[in-house]
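Note sheet for the following structure.
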Amino acid sequence: MGYKEVYSAWQADPEKFWMDAAEKIDWDEKPSKALFDGNAPLYEWFSDGMVNTCWNAVDRHVEEGRGDQIAIMHESPITHSTKGITYKELQTRVASLAGALKMRGVEKGDRVIIYMPMIPEALEAMLACARIGAVHSVVFGGFAAHELAVRIDDCTPKAIIAASCGLEPGRTVHYKPLLDEAIEQAEHKPEFCVIFQREQEVAKLIEGRDFSWHGFQYGVKPADCVPVEGNHPAYILYTSGTTGQPKGVVRHTGGHLVALQWSMKNIYNIEAGDRFWAASDVGWVVGHSYICYGPLIAGATTVVFEGKPIGTPHPGVFWRIIQNNRIKSFFTAPTALRAIKREDPNGEWIKRYALHDLQALYLAGERADPATVEWAQKHLGVPVVDHWWQTETGWAIAANPIGIEELPTKVGSPSVPMPGYDIQVLDEGGHPVGAGQLGAIAIKLPLPPGTLPTLWNAEARFKKAYLEQFPGYYETGDAGYVDEDGYLYIMARTDDVINVAGHRLSTGAMEEVLAGHPDVAECAVIGVADELKGQTPLGFLCLSSGCNRPHEEIVKECVSRVREQIGPVAAFKLATVVDRLPKTRSGKILRATMVKIADGQEWKMPATIDDPAILDEITEALKGLGYPRK
């Protein structure tokens with residue numbers, strides 16, 4: 001069957017579609033049905049089935065005779081180490097850690113916070129929790145103490161598993177002092193902490209509370225897998241909320257397993273024995289779905305990468321790892337590719353490596369601008385799949401499903417909806433708009449398996465944040481349109497659709513035009529307050545490495561491009577060249593903070609910012625343009 005037939009099969013009988021997909025999972029007790037809708041609009045999937053995630057990700061592959069296959073490949077250009085762990089070794093290591101947690105009183109339903117860098121032990125900690133039915137919450141390693149404290153108070157963990165440090169190019173991030181400070185700040189106190197001591201830094205342990213990773217497991221009986229209900233929380237993952245209070249996205253076990261198993265084959269074309277790499281971090285949703293769980297559930301080899309796209313040691317590191325591990329499908333963020341493109345505009349580093357096994361490149365995390373997609377297509381010579389999803393959904397809402405059928409690529413579009421997602425574009429009144437018209441993107445309820453059923457201990461907030469604006473729909477918070485062929489285009493966050501003299505315009509469309517300028521490596525457009533027009537667009541340009549033309553010339557050309565390609569209606573007249581853009585650690589540009597600085601509003605340092613110093617540079621650049629206006 002092609003994509004249209006598969007999508008139509010889901011539309012015709014969603015219950016049968018998902019029950020068939022559930023057959024690919026090993027259940028202790030099979031669910032009686034797929035959708036449980038008795039508590040609508042709070043839907044659940046496979047609730048009465050009994051299942052274990054760790055069994056499906058590890059043990060079943062050992063049982064099926066693939067214990068000697070590499071499960072996790074650790075690549076750390078920072079420590080210059082490469083290490084493979086087989087499925088059999090992974091089973092032994094996870095069962096040992098799970099047994100130690102169990103011996104210390106961690107039981108089904110207890111929460112465990114994991115605060116670790118990109119090392120295999122982070123995945124082992126996640127899987128050990130899943131093995132005994134504990135609910136893990138991974139917090140990005142090196143996150144500020146206050147932010148960690150907020151999460152400790154929200155999910156009240158019985159234990160915290162951490163590492164002594166994380167490693168960045170040229171510096172060591174001291175995790176243990178941050179952890180100690182967070183526990184001091186938090187009202188809730190964990191019963192104990194397990195610290196993985198890295199050789200680069202040995203942390204001081206607090207007697208009676210802290211245990212070393214190896215000592216904690218010494219002489220312990222390994223734990224078996226504990227079956228849990230399909231609607232048992234597998235994990236809580238915090239995403240930043242607009243109020244500053246993080247939102248704990250809950251992931252139910254049954255739907256999570258079914259959706260990830262389905263997506264690995266149908267979207268990424270990955271099956272048992274294949275090699276897959278998602279260059280992300282376990283602190284983000286991509287790390288949960290496609291570094292840890294998805295590839296292992298599928299029986300593939302997954303890569304855990306501790307490094308950066310450039311500077312560890314050079315802009316060819318991604319291609320070297322793809323070559324050496326014979327990666328079949330590679331997943332990264334557009335911001336990582338833009339960083340590489342900026343350092344290597346002609347793809348010289350790509351030519352140094354043999355990428356024969358690479359069949360497709362996948363991009364997600366933010367909008368993939370056409371210039372970056374075209375650069376990758378030209379130099380890699382494989383399909384470049386921009387696909388769109390969110391922390392809340394856990395897997396792709398829209399994609400080009402290479403494992404079913406490779407559809408024609410439309411640059412700038414994440415292609416088409418995946419089964420389970422009925423995507424609608426709505427106006428402010430909640431009415432569907434026509435093809436090509438910009439509107440709010442919403443998904444008709446129920447959402448498919450694997451998506452969030454609620455927020456942790458915050459049902460009312462879940463309904464208010466996602467379900468109230470458009471009754472019967474999940475509000476994505478993104479704006480865009482669908483073309484005549486059913487291809488989706490994500491143009492901006494709903495907040496980034498600006499109103500210039502009554503015209504609703506997408507900042508994403510303007511960024512697309514600016515990124516097409518040969519000297520522009522990366523850019524951002526924000527809407528700033530304007531007395532006459534309500535809002536007016538303002539552009540920030542990062543130039544390609546080696547560009548030495550006068551900045552005024554480039555700005556002038558960029559203004560002309562927007563005028564020519566979008567029209568005078570955009571009122572795009574102001575742009576400035578900056579060295580870099582402020583981003584979260586996952587690569588999202590902090591446009592909302594830039595708007596507040598430009599408008600002279602009070603603003604708070606975002607918890608997820610990668611480098612706070614960049615905001616000082618942005619403030620200076622804005623002053624040069626006369627912002628904030630007096």
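Residues 1 to 630 in the UniProt record's numbering are what the sequence shown spells out, letter by letter. For every residue, glycine included, the Cβ atom is placed at its ideal position computed from N, Cα and C. Note that the structure is a prediction, hence the values are computed from the model and not measured.
Query, Result
"Just to confirm my understanding: we take aspartate 37, look at its own chain, exclude 5 residues before and 5 after, and list those with CB closer than 6 Å. What are they?", "Tyr43"
"Are glycine 587 and threonine 332 touching if we call contact CB-CB under 7 Å?", "no"
"Using a Cβ-Cβ cut-off of 6 Å (strictly less than) and excluding sequence neighbours within five positions of isoleucine 114, which residues of its own chain qualify?", "Ala125, His136, Val138 and Ile161"
"Jot down the residue ranges of each uninterrupted beta strand (DSSP E) in the segment 444 to 508, minimum 3 residues, whole runs only, in chain order.", "473 to 482, 488 to 493, 497 to 500 and 503 to 506"
"Would isoleucine 206 be called buried (16 or more neighbouring beta carbons within 10 Å of its own) or exposed?", "exposed"
"What residue range is occupied by the uninterrupted beta strand (DSSP E) comprising alanine 521?", "520 to 530"
"Can you find the residues in the same chain that come closer than 6 Å, C-beta to C-beta, to proline 345, ignoring five residues on each side of it along the sequence?", "Ser544"
"Specify, as a first and last residue, the run of the beta strand (DSSP E) that tryptophan 277 falls within.", "275 to 278"
"Find out if the Cβ-Cβ distance for the pair tyrosine 290, alanine 300 is shorter than 7 Å.", "no"
"Please identify the residue among Trp395, Ala571 and Met491 whose C-alpha is closest to the C-alpha of tyrosine 362.", "Trp395"
"Can you tell me whether valine 202 is buried or exposed, with buried defined as 16 or more other CB within 10 angstroms of its CB?", "exposed"
"Which residue comes first and which comes last in the alpha helix (DSSP H) that contains tyrosine 3?", "3 to 12"
"Taking the beta strand (DSSP E) that histidine 174 falls in, what are its first and last residues?", "171 to 174"
"Identify, in the order they occur along the chain, each residue of the same chain with its Cβ nearer than 8 Å to the Cβ of glycine 316, setting aside the five sequence neighbours on each side.", "Asp344, Trp349, Ile350, Arg352 and Tyr353"
"Where alanine 234 and valine 250 are concerned, what is the direct C-alpha to C-alpha distance, given to the nearest angstrom?", "8 Å"
"Classify lysine 341: buried if its beta carbon has 16 or more other beta carbons within 10 angstroms, exposed otherwise.", "buried"
"With a 10 Å radius around its C-beta and 16 neighbouring C-beta atoms as the bar for buried, classify leucine 625 as buried or exposed.", "exposed"
"Select from Glu63, Thr494, Val433 and Val520 the residue whose C-alpha is nearest the C-alpha of glutamate 484.", "Val433"
"Between glycine 133 and tryptophan 389, what straight-line distance do the alpha-carbon atoms span, to the nearest angstrom?", "27 Å"
"What is the C-beta distance between glycine 534 and alanine 501, in whole angstroms, given that I count them as a contact (C-beta under 8 Å)?", "7 Å"
"Can at least three beta-carbon pairs, one atom from the segment 265 to 274 and one from the segment 58 to 78, be found at a separation below 8 Å?", "yes"
"Out of curiosity, what's the CA-to-CA distance linking glutamate 147 and methionine 594?", "21 Å"
"From this set, Ala529, Leu447 and Glu63, which residue's C-alpha is nearest asparagine 499's C-alpha?", "Ala529"
"Determine the burial state of aspartate 496: buried for a count of at least 16 other Cβ atoms within 10 Å of its Cβ, exposed for fewer.", "buried"
"In the structure shown, what three-state DSSP assignment does glutamine 217 receive?", "helix"
"Contact between the segment 420 to 436 and the segment 447 to 459 is defined here as three or more beta-carbon pairs at a separation below 8 Å; is this criterion met?", "yes"
"In the segment 84 to 137, which residue ranges form an unbroken alpha helix (DSSP H) of at least 4 residues, counting only runs that do not cross its ends?", "87 to 103 and 120 to 132"
"Of the choices Arg585, Asp48 and Asp13, whose alpha-carbon is the least far from that of glutamate 168?", "Arg585"
"Check whether the Cβ atoms of tyrosine 481 and glutamine 437 sit closer than 7 Å, and answer yes or no.", "yes"
"Using beta-carbon positions only, say whether proline 117 and histidine 74 come within less than 7 Å of one another.", "no"
"When we look at the beta-carbon of methionine 1 and count the other beta-carbons within 10 Å, is it buried (16 or more) or exposed?", "exposed"
"To which residues of the same chain is proline 77 closer than 6 Å at the C-beta, ignoring the five residues directly before and after it?", "Gly307, Thr312 and Val317"
"Measure how close the beta-carbons of phenylalanine 192 and arginine 209 come, nearest whole angstrom, since I'm counting them as under 8 Å.", "6 Å"
"On the DSSP bridge list, what partners appear for valine 577?", "Leu541"
"Do tyrosine 487 and lysine 596 count as a contact pair if the criterion is CB distance below 7 Å?", "no"
"Helix, strand or coil: how does DSSP classify threonine 53 here?", "helix"
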